[in-house]
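Using full-length UniProt numbering, you'd call the opening residue of the sequence shown number 1 and step up by one each time. Ideal Cβ placement from N, Cα and C applies to all residues, glycine included.
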Amino acid sequence: MTATYGLLIGSKEIFTDDLLPVQDKYSGDTIAYICQARQADVNDAVRAASQARKEPLSPYRRSQILYAASTIMKGRRDELAAIIAAEAGKPLKDALVEVGRAIETFRLSAEEATRITGEMVPVEAYPGSENRLAFTIRAPRGTVCAISPFNFPLNLLCHKVAPALAAGNAVITKPASTTPLSAYKVGEILQEAGLPAGWYNLLVGPGSTVGEWLLDHQEINYYTFTGSYEIGKRVQERAGFRKTTLELGSNAATIIHKDADLELAAPLCARMAFANAGQVCISVQRLLVHRDVYQSFRDALIKHTKALVLGDPKDPTTDVGPLISAKEADRIMAWIEEACNDGAQLLSGGTRRGNMIEPTILADVKGEMKVWCQEIFGPVVTLVPYDSLEEAIEQTNQSEYGLQAGVFTRSIDVAFECAKKLHVGGVIINDTSAHRTDSMPYGGVKNSGTGREGPKYAVQEMTESKVIVINHRM
Ligand SMILES: NC(=O)c1ccc[n+]([C@@H]2O[C@H](COP(=O)([O-])OP(=O)(O)OC[C@H]3O[C@@H](n4cnc5c(N)ncnc54)[C@H](O)[C@@H]3O)[C@@H](O)[C@H]2O)c1
Ligand SMILES: O=C[C@H](O)CS(=O)(=O)O
Numbered sequence: 001m002t003a004t005y006g007l008l009i010g011s012k013e014i015f016t017d018d019l020l021p022v023q024d025k026y027s028g029d030t031i032a033y034i035c036q037a038r039q040a041d042v043n044d045a046v047r048a049a050s051q052a053r054k055e056p057l058s059p060y061r062r063s064q065i066l067y068a069a070s071t072i073m074k075g076r077r078d079e080l081a082a083i084i085a086a087e088a089g090k091p092l093k094d095a096l097v098e099v100g101r102a103i104e105t106f107r108l109s110a111e112e113a114t115r116i117t118g119e120m121v122p123v124e125a126y127p128g129s130e131n132r133l134a135f136t137i138r139a140p141r142g143t144v145c146a147i148s149p150f151n152f153p154l155n156l157l158c159h160k161v162a163p164a165l166a167a168g169n170a171v172i173t174k175p176a177s178t179t180p181l182s183a184y185k186v187g188e189i190l191q192e193a194g195l196p197a198g199w200y201n202l203l204v205g206p207g208s209t210v211g212e213w214l215l216d217h218q219e220i221n222y223y224t225f226t227g228s229y230e231i232g233k234r235v236q237e238r239a240g241f242r243k244t245t246l247e248l249g250s251n252a253a254t255i256i257h258k259d260a261d262l263e264l265a266a267p268l269c270a271r272m273a274f275a276n277a278g279q280v281c282i283s284v285q286r287l288l289v290h291r292d293v294y295q296s297f298r299d300a301l302i303k304h305t306k307a308l309v310l311g312d313p314k315d316p317t318t319d320v321g322p323l324i325s326a327k328e329a330d331r332i333m334a335w336i337e338e339a340c341n342d343g344a345q346l347l348s349g350g351t352r353r354g355n356m357i358e359p360t361i362l363a364d365v366k367g368e369m370k371v372w373c374q375e376i377f378g379p380v381v382t383l384v385p386y387d388s389l390e391e392a393i394e395q396t397n398q399s400e401y402g403l404q405a406g407v408f409t410r411s412i413d414v415a416f417e418c419a420k421k422l423h424v425g426g427v428i429i430n431d432t433s434a435h436r437t438d439s440m441p442y443g444g445v446k447n448s449g450t451g452r453e454g455p456k457y458a459v460q461e462m463t464e465s466k467v468i469v470i471n472h473r474m
């Protein structure tokens, strides 16, 4: 029988009448049902979080719970990877990587829980403050609302939940409706790890209802959102003076300079343009290739792309699986067709099987084509030649987005020039825009968002500084 999961609110699993079927994104089969939240459930979750915060957990206890969660997750690696492969359509080998990363995200957050410090402030150096001792502490923000996307249903949720708990906040999560099961499993794991009731609450349902109710609720102190620019903008507008962290989209570029190691660059670009069928916010979408190496890089990219295996995500040999929905596959096919009609050259792919699109390479793209200037979020990479480094930097920066950029070069001068001049949150040298290690500061500029994730940096965002001044000669 197909399992039915409830919402997690306070100490209870709540079952509602409104069941959301969760589909396997490759077969279309319903693999589970999960209950959708009503407005009263949102209010109850906020109340449960406030109630939990009345008995704060010590940093040591928070750390121990997060370490325990990391260990439990390790023991459930295969189960979690199978859920991600089914609900997100992510190839099993990548789903296993995602679980490994989530284990680390919890471990890194456990470490951070014991390192939250303020600083001494030398106020006594100033006239009138001679007898004052001043220092800052970092206080939890309170109730954190974590809204997450479908493409990394486990690790991107953990990047919000684990630092929020490390910092002493209570959390209400709202995962994407297409992929809620990973978030449910995180709730189970945290409970098993000893997290008391009310610190992790799970609400499921559409952004247009449950998401909006969450944005409305004035007892939520902070929003951490990962998703599209359009919804991120709405979150920011609705949050008002409340603090937010927004991790949004991109059309990331990678520069292949004339002195690049093509044997390193071509396979990495092929892999990272099509990982998770291109549904990665830092996916290699725009490749700027120096004209001297354009032909050889192009040929090598085609060769490595054609070697990728398209198919069932549950098959351990699959490299590229389906898109999240037929609607997304329709949109991406329309963008490819539009680019080809406007003069782009199809070098590989461009065909569709169900919700799967063959890894697609487009050349001769122009700046105004959607496949170049908007976020594709699908298995499509575009190629453009350049003559000077200045031109490549300018084209990379000619984007509404600025999440990460990659640069392949053997020259330290070229690497530094790119590092200084590229207007993005992260510059990755001799790797693609799609490289991320979970401990690093991660986030964007421009329409790619504000704030930084990575447990150490997220803990800063999820705490606020408070200054304490002691008049010690009264
Ligand atoms: N920068 C990053 O770290 C990062 C990581 C992953 C994905 N993304 C971006 O996410 C997008 C794809 O993910 P998606 O399709 O799930 O994004 P999305 O914006 O459609 O949805 C993200 C989340 O927001 C919720 N939501 C929708 N409407 C809402 C509303 N009115 N109020 C509150 N919540 C609402 C959704 O239900 C979901 O949980 C891409 O643009 C991608 O680049 C960015
Ligand atoms: O989709 C965007 C994610 O941030 C991808 S990753 O966590 O950087 O791999």
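Terminal residues of the beta strand (DSSP E) in which residue i lies
i           : result
Asn221      : Note, Asn221: premise wrong, no beta strand (DSSP E); not H, not E.
Ile34       : Thr30 to Cys35
residue 479 : No statement about residue 479 is possible, as the shown extent of the chain runs from 1 to 474 and does not include it.
His290      : Arg286 to His290
Glu43       : Correcting the residue identity first, residue 43 is Asn in this sequence and not Glu. Unbroken run through Asn43 is the alpha helix (DSSP H), Gln39 to Arg53; no beta strand (DSSP E).
Tyr457      : Careful: Tyr457 lies outside any beta strand (DSSP E), inside the alpha helix (DSSP H) at Pro455 to Glu461.
Ile255      : Ala253 to Ile256
Thr437      : Run containing Thr437: none; DSSP gives neither H nor E here.
Ile116      : Ile116 -> no beta strand (DSSP E), and no H or E assigned at all.
Tyr5        : Ala3 to Tyr5
Ile282      : Where Ile282 is concerned, there is no enclosing beta strand (DSSP E), given that its DSSP letter is neither H nor E.
Gly444      : That residue, Gly444, is in no beta strand (DSSP E); it is neither H nor E in DSSP.
Val427      : Gly426 to Ile429
Lys12       : Lys12 to Ile14
Lys243      : Lys243 to Glu247
Sub-9 Å separation of residue i and residue j beta-carbons
i           : j      : result
Leu8        : Gln36  : no
Glu66       : Arg107 : Sequence check: residue 66 is Leu here, not Glu. Yes; because the gap between Cβ atoms is below 9 Å, this pair is in contact.
Val144      : Ile231 : no
Phe150      : Ile324 : yes
Trp199      : Ala52  : yes
Leu264      : Tyr386 : no
residue 475 : Leu156 : Nothing about residue 475 can be reported from this structure: the residues present for the chain run from 1 to 474 only.
Ile255      : Thr396 : yes
Gly321      : Lys90  : yes
Gly142      : Ser177 : no
Arg132      : Asn471 : yes
Ala49       : Asn276 : no
Ala260      : Val293 : yes
Glu237      : Ala68  : no
Ala183      : Leu215 : no
Leu203      : Asp17  : no
Ala81       : Tyr33  : no
Gly100      : Thr244 : no
Gly425      : Gln404 : yes
Lys174      : Ala197 : no
Pro455      : Ser439 : yes
Leu92       : Lys314 : yes
Glu247      : Tyr442 : yes
Gly367      : Glu358 : no
Val427      : Val407 : yes
Leu383      : Ala363 : yes
Ser411      : His290 : no
Residue span of the alpha helix (DSSP H) that contains residue i, given as start and end
i      : result
Ile65  : Pro59 to Gly75
Gln236 : Tyr229 to Ala239
Val186 : Leu181 to Glu192
Tyr26  : No alpha helix (DSSP H) contains Tyr26, which DSSP labels as neither H nor E.
Lys314 : Segment: none, Lys314 is in no alpha helix (DSSP H) and carries neither H nor E.
Leu214 : Glu212 to Asp216
Tyr294 : Tyr294 to Lys306
Ala339 : Ala326 to Asn341
Beta-carbon separation (whole angstroms), residue i vs residue j, contact threshold 8 Å
i      : j      : result
Gly194 : Tyr401 : Rounded, the Cβ-Cβ distance is 41 Å, inconsistent with contact.
Ile84  : Glu98  : 6 Å
Met333 : Arg353 : At roughly 11 Å, the Cβ-Cβ gap does not stay under 8 Å, so Met333 and Arg353 are not in contact.
Ala253 : Arg286 : 4 Å
Ser148 : Thr226 : 5 Å
Asn355 : Ala329 : 5 Å
Note to self: As an exercise, report each continuous alpha helix (DSSP H) stretch of at least 4 residues that is fully enclosed by the segment 349-423, in chain order.
What the structure shows: 370-373, 389-397 and 412-421
Check: Would you call the segment 299-315 and the segment 252-272 touching, i.e. three or more CB-CB distances under 8 Å?
Finding: yes
Check: Is it a yes or a no for the segment 127-141 touching the segment 13-27, going by three-plus beta-carbon pairs under 8 Å?
Finding: no
Checklist line | the segment 159-167 in contact with the segment 450-467 per 3-pair CB rule at 8 Å | finding: yes
Check: What are the uninterrupted segments assigned as alpha helix (DSSP H) that are 4 or more residues long and contained completely in the segment 118-205, given in chain order?
Finding: 155-166 and 181-192
Notebook entry, point to check: Do three or more CB pairs link the segment 367-374 to the segment 345-355 at distances below 8 Å?
Noted result: no
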